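Asks: In terms of our numbering, the sequence shown opens at residue 896 and continues consecutively.
All residues carry an ideal CB built from backbone N, CA and C; glycine is no exception.
Please read these numbers as outputs of a predicted model, since none were measured by experiment.
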Amino acid sequence: MKNVGIFYGSSTGNTEAAAKKLQQEFGPDKAQIFDVANAKASDMDNFPNLIFGSSTWGMGDLEEEFEEFVSEIQQENLEGKKVAIFGCGDQEAYADSFVDAMGLIYEVLRNKGCDIVGKISTEGYEFDESKAVVNGQFIGLPLDEDNQSDLTDERIKSWADQLKKEFI
Ligand SMILES: Cc1cc2nc3c(=O)[nH]c(=O)nc-3n(C[C@H](O)[C@H](O)[C@H](O)COP(=O)(O)O)c2cc1C
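1) With C-beta atoms as the reference, is K1081 less than 8 Å away from G998?
2) On the premise that E1021 lies in contact with Q986, defined as a C-beta separation below 8 Å, what is that separation, rounded to the nearest angstrom?
3) What are the complete beta strand (DSSP E) segments, minimum 3 residues, inside the stretch 928–987?
4) Does the Cβ-Cβ distance between K1059 and C1009 come in under 8 Å?
5) Comparing the C-beta of G900 with each C-beta of chain D, is any distance below 8 Å?
6) Any heavy atom of ligand 1 closer than 7 Å to the beta-carbon of E1024?
7) Relative to the C-alpha of E967, which residue among D956, K935, D1045 is closest?
8) Cβ of G984 versus every heavy atom of ligand 1: is any distance shorter than 7 Å?
9) Assuming E920 contacts K1052 (C-beta within less than 8 Å), just tell me the rounded distance between them.
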């Protein structure tokens, strides 16, 4: 039975590629993937575990399609679910708003009664400010295809292993 729903918003394909790799880590029999451009609130119904992914655009904004999907998340009852957040960003060119979209998703989820899992250390990243850092930790998994693409596969694998323990 599929128990992980992965919902991603991606403008140039980086977050989409990462979402597909994450799906492979859980196995296609366990995880289903949704492009938020075509997804709706009820698509989240059947999954006890959800993963949301958005790249960051503008100066710390959500990816355009993900921004529209926020109203679907707000409609959905997430009580009791385990939820994890990831996103692609660029820590060199956007050192003051690195993966801010992850922090914006965190804010949307904070009062929804779900349990946010998948927090990781900021070690190995170099940036000045990020809304995705809360109490000294990233609230999910940042990926940087612009500067550290060689680390992406390993980061996804290690995060998926962590989620397998934290998910229901
Ligand atoms: C115009 C523009 C604005 C961006 N703004 C940010 C930003 O504020 N913070 C950040 O971390 N990355 C920023 N990025 C980097 C993208 O998030 C990064 O390239 C990401 O991998 C794109 O993912 P996607 O293909 O899934 O949309 C920006 C990139 C561009 C071209």
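Replies: Taking the geometry as given:
1) A query on residue 1081 cannot be resolved here, the shown segment of the chain reaching from 896 to 1063 and no further.
2) Locating residue 986 in the sequence shown gives position 91, where the first residue counts as 1. Locating residue 1021 in the sequence shown gives position 126, where the first residue counts as 1. Q986 to E1021, Cβ: 6 Å. Contact.
3) 944–949, 977–983
4) The residue labelled residue 1059 in the question sits at position 164 within the sequence shown. The residue labelled residue 1009 in the question sits at position 114 within the sequence shown. No, Cβ-Cβ distance for K1059 and C1009 is not below 8 Å.
5) Among the protein chains of the structure shown there is no chain D, as only one such chain exists.
6) As a first step, residue 1024 is located in the sequence shown; it is residue number 129 there, counting from the start. The answer is no for E1024.
7) What you label residue 967 is simply residue 72 of the sequence shown in a count that begins at 1. Cα-wise, what sits closest to E967 is K935.
8) For the purposes of this step, residue 984 is taken as the residue at position 89 of the sequence shown. G984 Cβ: within cutoff of ligand 1.
9) The residue you call residue 920 lines up with position 25 of the sequence shown. The residue you call residue 1052 lines up with position 157 of the sequence shown. E920 to K1052, Cβ: 6 Å. Contact.
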